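Numbering-wise, the working numbering comes out as the position in the sequence shown, counting from 1, plus 44.
Just so it is clear, CB atoms sit at the ideal spot from N, CA and C, and this is done for glycine as well.
Just so we're clear, the structure is a prediction, and the values are computed from it rather than from any experiment.
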Amino acid sequence: MSVAGAAKLQALARHIAAPGLFCAVAPIDMATPALLPDELACVARAIPRRRHEFAVGRMVLRHALHLAGHKLPAAQPIVARSDRQPDLPPGLRASLSHSRDYCIAVAASDPALCPGVDIERMAADRPDDLAQVIAPWRQRPPVADAELLAFSAKESLFKSQYPETGMMLDFTDAALALSGHRMRARLACGRFLSGAWGQAAGHFLVISWRTRQTDGPEFLPKD
């Protein structure tokens, strides 16, 4: 992990994100400002590494929100809700993800975009069974470790839709279609999302957002 790796991920995020989405990336081991008391209370019982990851997450989340035009007062905490999502002021939409090496946040200037982000370290610790996650893709991703990419896409889609729907997603709840590094998703509920993915600093990065398009020829009826 390094500042150079974070810069590569930052550049990738800017390249693949939709207009109106703003990204911030930091190495997970970098120094951070002290957490506010209410934020510290969220991780009071956590191990030191988890407390530090939480602090890095709050730092990059504030930075991404600032880039998107939403400057939070320094004394305003970003606590975790009961579902572990950041408790943001009404009308703000942002998403957060971290690996063992880096943390990334994506914030929207337009709340209708509803961003979701996921970062996964390649050839590293990963879920035990990824065989099932490739099935929802209408076209297999043309990369090694395609199952991990599919898992990362599902995670970003979940984060994009969850603030509005409150729905949990299974791997079979999204039909995914690829066009190069772009993707479209149709959720079982009928909602459509767009997204893009890339590789940098040994990681998959996937960013998704809500789309206003209601259908497309790349989507086939679900079996």
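Asked                                                                                        : Found
Residue span of the beta strand (DSSP E) that contains S141, given as start and end          : 138-142
Distance CB(S143)-CB(V161) smaller than 8 Å                                                  : no
Three-way DSSP call (helix, strand, coil) for D82 in this model                              : helix
Identity of the residue in G64, S46, V47, D127 nearest R254 by Cα                            : G64
For K52, three-class secondary structure by DSSP                                             : helix
Residue of P155, P77, S204 minimising C-alpha distance to L109                               : P155
Span of the alpha helix (DSSP H) around S204                                                 : 190-209
Between the CA atoms of L192 and A219 - distance to the nearest angstrom                     : 16 Å
Given 8 Å, three or more beta-carbon pairs between the stretch 118-128 and the stretch 76-96 : yes
Residues bridged to R165 (per DSSP)                                                          : H247
Under 8 Å between C-beta atoms of A151 and H114                                              : yes
Same chain, Cβ closer than 6 Å to R333, neighbours up to 5 away in sequence not counted      : Any question about residue 333 goes unanswered here, given that the chain covers just 45 to 267.
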